[in-house]
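A.B. asks:
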Amino acid sequence: MALDGVGIGNGISKRPSQQCSVAVDKAAHRADEETEEEDEGKPWVARKWITSLAVCLAALPLLVIMVSRRDGPLPFPSGWTTATTAKTYEHQQESDQDGLLGGLLVQGFDEQSCISRYHSAPYRKNMTRSPSAHLVKRLREQEALQRRCGPGTGAYRRAVERLNTRRNVTGTPADDGTCKYLVLVPYRGLGNRILAMASAFLYAMLTDRVLLIDRGTSLPDLFCEPFPGTSWFLAPDFPLRELENLTGEVPESYRNLVRDGRAASSVSELPYVFVDLDHACTYHDKLFYCDDHREFLHRAPWLLMRTDGYFVPALFLNPAYQEELHRLFPRKDAVFYLLAKYLFHPTNKVWGLITRFYDSYLKNSDERLGIQVRVFDGDTPFKHVLDQILACTSQQHLLPPVVVREPPLRPAGARSKAVLMTGLSSWYFENIRGSYWQSATVSGEVVSVHQPSHEEHQLTGEATHDMKALAEMYLLSMTDAIVTSGWSTFGYVGHGLGGLTPWIMFRPENLTTPDPPCRRAASMEPCLHGPPFYDCRARRGADTGKLVPHVQHCEDMSWGLKLVHPEY
Numbered sequence: 409m410a411l412d413g414v415g416i417g418n419g420i421s422k423r424p425s426q427q428c429s430v431a432v433d434k435a436a437h438r439a440d441e442e443t444e445e446e447d448e449g450k451p452w453v454a455r456k457w458i459t460s461l462a463v464c465l466a467a468l469p470l471l472v473i474m475v476s477r478r479d480g481p482l483p484f485p486s487g488w489t490t491a492t493t494a495k496t497y498e499h500q501q502e503s504d505q506d507g508l509l510g511g512l513l514v515q516g517f518d519e520q521s522c523i524s525r526y527h528s529a530p531y532r533k534n535m536t537r538s539p540s541a542h543l544v545k546r547l548r549e550q551e552a553l554q555r556r557c558g559p560g561t562g563a564y565r566r567a568v569e570r571l572n573t574r575r576n577v578t579g580t581p582a583d584d585g586t587c588k589y590l591v592l593v594p595y596r597g598l599g600n601r602i603l604a605m606a607s608a609f610l611y612a613m614l615t616d617r618v619l620l621i622d623r624g625t626s627l628p629d630l631f632c633e634p635f636p637g638t639s640w641f642l643a644p645d646f647p648l649r650e651l652e653n654l655t656g657e658v659p660e661s662y663r664n665l666v667r668d669g670r671a672a673s674s675v676s677e678l679p680y681v682f683v684d685l686d687h688a689c690t691y692h693d694k695l696f697y698c699d700d701h702r703e704f705l706h707r708a709p710w711l712l713m714r715t716d717g718y719f720v721p722a723l724f725l726n727p728a729y730q731e732e733l734h735r736l737f738p739r740k741d742a743v744f745y746l747l748a749k750y751l752f753h754p755t756n757k758v759w760g761l762i763t764r765f766y767d768s769y770l771k772n773s774d775e776r777l778g779i780q781v782r783v784f785d786g787d788t789p790f791k792h793v794l795d796q797i798l799a800c801t802s803q804q805h806l807l808p809p810v811v812v813r814e815p816p817l818r819p820a821g822a823r824s825k826a827v828l829m830t831g832l833s834s835w836y837f838e839n840i841r842g843s844y845w846q847s848a849t850v851s852g853e854v855v856s857v858h859q860p861s862h863e864e865h866q867l868t869g870e871a872t873h874d875m876k877a878l879a880e881m882y883l884l885s886m887t888d889a890i891v892t893s894g895w896s897t898f899g900y901v902g903h904g905l906g907g908l909t910p911w912i913m914f915r916p917e918n919l920t921t922p923d924p925p926c927r928r929a930a931s932m933e934p935c936l937h938g939p940p941f942y943d944c945r946a947r948r949g950a951d952t953g954k955l956v957p958h959v960q961h962c963e964d965m966s967w968g969l970k971l972v973h974p975e976y
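Anchor point for the sequence shown: position 554 equals 962 in the numbering used here, and the numbering is continuous, going up by one each time.
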């Protein structure tokens with residue numbers, strides 16, 4: 409329904425009343441056509457119109473000011489705002505900026521279609537890391553590229569036509585301004601897919617490609633669109649089918665092109681190049697991390713990528729990208745945190761799951777602790793895992809000990825702590841909750857324990873299961889401190905979204921509680937599980953955890969790589 413006065417300004421749905429103008433016209437008309445009877449018997453009518461006209465004319469300047477300054481504080485009669493009103497206006501501007509996360513986000517989206525985009529700030533602590541000005545600039549450039557070349561545009565249709573012909577346009581220059589695309593096929597669990605999407609987005613931004621995501625069975629139900637005016641999901645009529653079944657053995661794979669020594673000569677003859685970055689991919693696949701995109705990949709208008717993890721640390725090892733990455737992320741331990749803040753906005757359905765649980769069980773506590781439990785040895789609960797959780801939270805003073813004998817009186821002013829537990833099994837939650845229900849704490853602190861769901865089995869790709877998983881990741885990110893399970897991509901996303909440096913519980917071996925049970929991570933960055941073992945600059949094998957100070961081995965996986973911010 410069209411509104412009268414659309415375009416006047418925010419908060420004004422109709423134009424200002426025209427009564428003053430009507431009164432002026434009527435008064436003039438009345439004055440011109442006064443009857444004999446009015447002149448003789450009703451002089452007060454004329455005085456009434458004159459009085460109305462004077463009032464409207466007197467009020468007109470104030471009305472003009474109110475409309476022209478509708479976004480600012482109203483002036484006093486002197487024309488100056490007081491210090492109080494000025495500060496209020498500044499605070500409002502700061503609040504608006506907080507909603508945009510320091511410039512990461514842009515205005516222009518329909519707020520009601522994705523409430524989480526602009527209204528997640530009250531549920532989070534202040535920004536742990538702020539975006540650099542260069543990152544904000546490059547995000548705006550990527551958004552423009554996505555709009556210019558994304559689905560539904562002429563450029564996209566032409567690119568798909570070239571793909572349909574199964575070969576590139578003969579004689580097309582390498583840098584003709586044609587739109588180039590990165591199609592990502594994320595797979596495995598939701599944590600894996602989120603990490604893959606963040607990694608692919610950064611690679612697309614580094615190489616000026618449009619990022620398109622294979623939607624799978626649940627992703628549109630989980631996330632709002634991150635780019636204004638376009639979609640990042642692959643169109644349903646994309647000509648290549650069954651992308652999830654692509655492997656490094658296809659003739660178009662990067663692996664085969666490099667291994668056979670025909671990369672530079674063959675890429676322009678191929679409809680696309682496929683990059684397989686599974687965590688168990690081969691040596692030749694991982695040479696992709698050393699490709700500077702100028703050797704031959706820039707000639708491929710379509711790059712298809714299949715990955716299940718976070719490969720950002722490997723990009724920081726490539727000399728071709730190091731300068732740009734340094735400008736984008738002066739703080740090397742905030743890459744996923746900032747990318748996730750920009751990309752991943754839960755849909756309204758998921759946001760409702762998050763906020764209802766938070767408001768009901770976590771909001772009013774003095775402190776919130778997250779404990780994420782992932783067991784890789786089966787779905788059966790294990791006592792040694794429970795012992796590990798209790799040992800870690802006790803040794804790190806994250807949870808208070810309980811007393812054997814009930815104290816006569818709770819100390820005045822006792823603090824409260826809400827513990828959020830996530831995991832497929834409810835057994836660990838029930839044991840810890842029972843402990844704090846049956847016994848008081850030594851400090852008198854009141855501990856409540858909560859678990860949103862316990863699915864018992866992982867159901868990858870099932871929409872309802874994934875929605876609950878995403879809600880729990882976000883709830884973990886809203887805690888003040890967090891304990892996660894080693895190797896778990898679910899845990900990586902949970903602490904990464906919140907900018908939390910976790911205590912990581914080591915993966916048990918031989919069904920035995922590790923000693924020590926956990927360790928504080930060096931940064932909040934996720935771990936790359938399948939790293940390259942090749943020095944791009946020296947062109948030989950190397951321990952890639954020792955090449956640059958900001959890429960080190962992970963605490964929970966000795967051969968993995970993660971980003972840290974070195975203290976010089």
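Each residue gets a CB set at the ideal place from its N, CA and C atoms; glycine is no exception.
Would you decide whether Asp433 is buried or exposed? Buried here means 16 or more other CB atoms lie within 10 Å of its CB.
C.D. replies: Low local confidence applies: a pLDDT of 46 at Asp433 is under 50, so the model's placement there is unreliable, and no value is given.
A.B. asks: So, is Arg649 buried or exposed, given that buried needs 16 or more other C-beta atoms within 10 angstroms?
C.D. replies: Result: exposed.
A.B. asks: Hey, could you find the ends of the beta strand (DSSP E) Ala889 is sitting in?
C.D. replies: From DSSP, the beta strand (DSSP E) with Ala889 extends over 889-893.
A.B. asks: Going straight from the alpha carbon of Tyr901 to that of His937, what length do you get?
C.D. replies: Note that residue 901 corresponds to Val in the displayed sequence, not to Tyr. Each residue's alpha carbon lies about 14 angstroms from the other.
A.B. asks: For Asn664, count neighbouring C-beta atoms within 10 Å of its own C-beta (all shown protein chains included) and say buried if the count is 16 or more, exposed if not.
C.D. replies: Buried: at least 16 other Cβ atoms inside 10 Å.
A.B. asks: Following the continuous alpha helix (DSSP H) through Glu838, name the residue where it begins and the one where it ends.
C.D. replies: Glu838 -> alpha helix (DSSP H) spans 835-846.
A.B. asks: Let me know the secondary structure DSSP gives Val568 once reduced to three states.
C.D. replies: Correct three-state label for Val568: helix.
A.B. asks: When DSSP labels each residue in this structure, what does His961 get in the three-state scheme?
C.D. replies: It is a strand residue.
A.B. asks: Taking Cβ to Cβ, would you say Leu751 is nearer than 8 angstroms to Ala606?
C.D. replies: The answer is yes: Cβ separation under 8 angstroms.
A.B. asks: Near Thr715, what residues of its chain come up, given a Cβ to Cβ distance below 6 angstroms and the 5 sequence neighbours on each side ignored?
C.D. replies: Ala604, Leu685.
A.B. asks: Among Leu619, Arg764, Leu884, whose alpha-carbon lies nearest the alpha-carbon of Ser639?
C.D. replies: With distances taken between Cα atoms, Ser639 lies closest to Leu619.
A.B. asks: Identify whether Val855 lies in helix, strand or coil by the three-state DSSP scheme.
C.D. replies: The answer is strand: DSSP assigns Val855 an E or B state.
A.B. asks: Report, in whole angstroms, the separation of the C-beta atoms of Gly516 and Pro539, which I expect to be a contact under 8 angstroms.
C.D. replies: 18 angstroms between Cβ atoms; not a contact.
A.B. asks: Looking at C-alpha atoms only, which residue of His862, Pro679, Glu775, Leu725 is the closest neighbour of Ala826?
C.D. replies: The candidate whose alpha carbon is nearest that of Ala826 is Glu775.
A.B. asks: Rounded to the nearest angstrom, what separates Tyr595 and Ser824 at their Cα positions?
C.D. replies: Cα to Cα, Tyr595 sits roughly 40 angstroms from Ser824.
A.B. asks: Closer than 7 angstroms by C-beta to Gly968: which residues in its own chain qualify, once you throw out the five before and the five after it? Chain order, please.
C.D. replies: Cβ within range, chain order: Cys935, Leu936, His937, Pro939, His961, Cys962.
A.B. asks: Nearest to Val666 by alpha carbon, out of Glu975, Val683, Arg555, Arg537?
C.D. replies: Closest option to Val666, Cα to Cα, is Val683.
A.B. asks: Determine the contact status of Val857 and Met875, defining contact as a CB-CB distance below 8 angstroms.
C.D. replies: No, the pair does not count as a contact, with Cβ atoms beyond the cut-off.
A.B. asks: For a quick check, are the C-beta atoms of Gln550 and Met613 less than 8 angstroms apart?
C.D. replies: Their beta carbons are under 8 angstroms apart, which means Gln550 touches Met613 by this criterion.
A.B. asks: With which residues is Met1054 paired in a DSSP beta bridge?
C.D. replies: Outside the shown range of the chain, which is 409 to 976, sits residue 1054, and nothing can be said about it.
A.B. asks: Quick one: give me the first and last residue of the beta strand (DSSP E) that Phe765 is part of.
C.D. replies: Where Phe765 is concerned, there is no enclosing beta strand (DSSP E), although the alpha helix (DSSP H) it sits in stretches over 756-765.
A.B. asks: Could you tell me whether the Cβ atoms of Gly831 and His862 are closer together than 8 angstroms?
C.D. replies: In this structure, His862 lies closer than 8 angstroms to Gly831 by Cβ.
A.B. asks: Going by C-alpha to C-alpha distance, which of Leu867, Glu917, Val544, Tyr882 sits closest to Leu761?
C.D. replies: For the residues Leu867, Glu917, Val544, Tyr882, the minimum Cα distance to Leu761 belongs to Tyr882.
A.B. asks: Output the distance between the C-alpha atoms of Gly894 and Gly624, rounded to the nearest integer angstrom.
C.D. replies: Taking the straight line from one Cα to the other gives about 27 angstroms.
A.B. asks: Tell me the DSSP secondary structure of Ala643 in three-state form.
C.D. replies: DSSP places Ala643 in coil when its eight states are reduced to three.
A.B. asks: By the three-class DSSP mapping on this structure, what secondary structure does Phe682 have?
C.D. replies: If DSSP states are grouped into helix, strand and coil, Phe682 belongs with the strands.
A.B. asks: Of the choices Trp710, Glu677, His706, Asp668, whose alpha-carbon is the least far from that of Asp693?
C.D. replies: Considering only alpha carbons, the answer is Asp668.
A.B. asks: Relative to the alpha-carbon of Arg927, which residue among Arg813, Gly949, Gly637, His805 has its alpha-carbon at the smallest distance?
C.D. replies: Comparing Cα positions, the closest option is His805.
A.B. asks: With burial defined as no fewer than 16 other Cβ atoms inside 10 Å of the residue's Cβ, what is the status of Asn772: buried or exposed?
C.D. replies: Asn772 comes out exposed.
A.B. asks: Excluding the five sequence neighbours on either side, which residues of its own chain have a C-beta within less than 7 angstroms of the C-beta of Leu878, listed in chain order?
C.D. replies: Hits under 7 angstroms: Leu598, Leu630, Pro754, Val758.
A.B. asks: Under the three-state reduction of DSSP, which class applies to Leu936: helix, strand or coil?
C.D. replies: Correct three-state label for Leu936: strand.
A.B. asks: Under 8 angstroms by Cβ, that's how I've got His792 and Thr921 pegged, so tell me the actual separation to the nearest angstrom.
C.D. replies: Right, the Cβ-Cβ distance comes to about 5 angstroms (below 8 angstroms), so this counts as a contact.
A.B. asks: Taking the alpha-carbon positions, what's the Pro636 to Arg617 distance?
C.D. replies: Taking the straight line joining both Cα atoms gives about 17 angstroms.
A.B. asks: Would you call Val743 buried or exposed, if buried means 16 or more other Cβ atoms sit within 10 Å of its Cβ?
C.D. replies: Buried: at least 16 other Cβ atoms inside 10 Å.
A.B. asks: Assuming Asp1009 and Leu547 form a contact by the criterion Cβ under 8 angstroms, report the distance between their Cβ atoms to the nearest whole angstrom.
C.D. replies: Summary: the structure shown does not reach residue 1009, with the chain confined to residues 409 through 976, and so no result is reported for it.
A.B. asks: Give the straight-line distance between the Cα atoms of Asp518 and Pro808, rounded to the nearest whole angstrom.
C.D. replies: Straight-line Cα distance between these residues: approximately 45 angstroms.
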